[in-house]
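Notes follow the structure.
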Amino acid sequence: MGPISHDPTVVPYRGGMPITYRADRALGCTIAVWDGDLTSEDMYEQLVRLAADPDWPPGPRHLVDGTTLGKVILPDPELVELLYEGTSIVKKSRIAMLISEAFFTADRPLFERATDEFDAATFTDLRSACAYLEVSTTAVQPVLDALRQELRASL
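For my numbering, add 65 to where a residue sits in the sequence shown, where the first one is 1.
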């Protein structure tokens, strides 16, 4: 387990795969950094944390910086459905997944629309991801920098 976060607005993951996020009310956006190999158990832990966070979601926008992701194993879709059950989050959500160009292969293509359930897309640059979410790159960049710093400090 990593050390406890010193910044109360940053929520570090305390397991095998580091995940940090900030529910930013001013931007109406959840901003997260995922690093390393992501298992279904890691995703389960993240979904439980989100569900328990009274400040989440701060709005309909979600930016995930996965530029340092390795392998990704998604959780059971039924678990995700339970998180959103009784809410309109899915219908209103817009998700931008920021991924390094090296992540994409024939088995993992770049999607303009990654899923039917969400308004989601993958990007290889922050400016395009922010434009998709209609948030300021200038406002998002310092949040990402703080989250990455928190990840480094917790390893």
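The beta carbon of each residue, even a glycine, is placed where N, CA and C say it ideally should be. Values in this document were obtained by computation on a predicted structure and should not be read as measured data.
Taking only the alpha-carbon atoms, compute the straight-line gap between residue 213 and residue 164 and give it to the nearest angstrom.
Along the sequence shown, one-based indexing puts residue 213 at 148. Along the sequence shown, one-based indexing puts residue 164 at 99. Their Cα atoms are separated by approximately 15 Å.
In angstroms, rounded to a whole number, what distance separates the CA positions of residue 178 and residue 157?
Locating residue 178 in the sequence shown gives position 113, where the first residue counts as 1. Locating residue 157 in the sequence shown gives position 92, where the first residue counts as 1. With a pLDDT of only 42 at residue 178, under the threshold of 50, the placement of this residue in the model should not be trusted; the figure read from the coordinates follows. Cα to Cα, residue 178 sits roughly 15 Å from residue 157.
Give me the Cα-Cα distance between residue 189 and residue 115, rounded to the nearest whole angstrom.
Residue numbering aside, residue 189 sits at position 124 when the sequence shown is read from its first letter. Residue numbering aside, residue 115 sits at position 50 when the sequence shown is read from its first letter. About 25 Å.
Hey, residue 127 and residue 97: beta-carbon distance below 9 Å or not?
Taking the first residue of the sequence shown as position 1, residue 127 is located at position 62. Taking the first residue of the sequence shown as position 1, residue 97 is located at position 32. Yes.
Please name the residue in 184, 204, 203 whose C-alpha comes closest to that of residue 17.
One cannot answer for residue 17 here, as it falls past the ends of the chain, which runs 66 to 220.
Could you give the uninterrupted runs of the alpha helix (DSSP H) lying entirely in the stretch 88-168, keeping only those of 4 residues or more?
105-117, 142-149, 154-157
With DSSP collapsed to three states, give me the class of residue 203.
Residue mapping note: residue 203 aligns to position 138 of the sequence shown, counting from 1. In this structure, residue 203 counts as helix in the three-state DSSP scheme.
Where residue 87 falls, given that 16 or more other Cβ within 10 Å makes a residue buried
Along the sequence shown, read from residue 1 onward, the residue named residue 87 stands at position 22. The residue in question, residue 87, is buried, as its Cβ has 16 or more Cβ neighbours within 10 Å.
By the DSSP assignment, the beta strand (DSSP E) with residue 184 in it spans what residues?
Counting from one through the sequence shown, the residue named residue 184 turns up at place 119. Looking at the DSSP string, the run of the beta strand (DSSP E) that includes residue 184 is 184-188.
Rounded straight-line distance, which links the Cα of residue 203 to that of residue 167
Residue numbering aside, residue 167 sits at position 102 when the sequence shown is read from its first letter. Residue numbering aside, residue 203 sits at position 138 when the sequence shown is read from its first letter. About 25 Å.
With a CB to CB cut of under 6 Å and the five nearest residues on each side skipped, what residues in its chain are close to residue 138?
Walking along the sequence shown from the start, residue 138 turns up at place 73. Cβ neighbours of residue 138 within its own chain (closer than 6 Å, five residues either side excluded): 104, 105.
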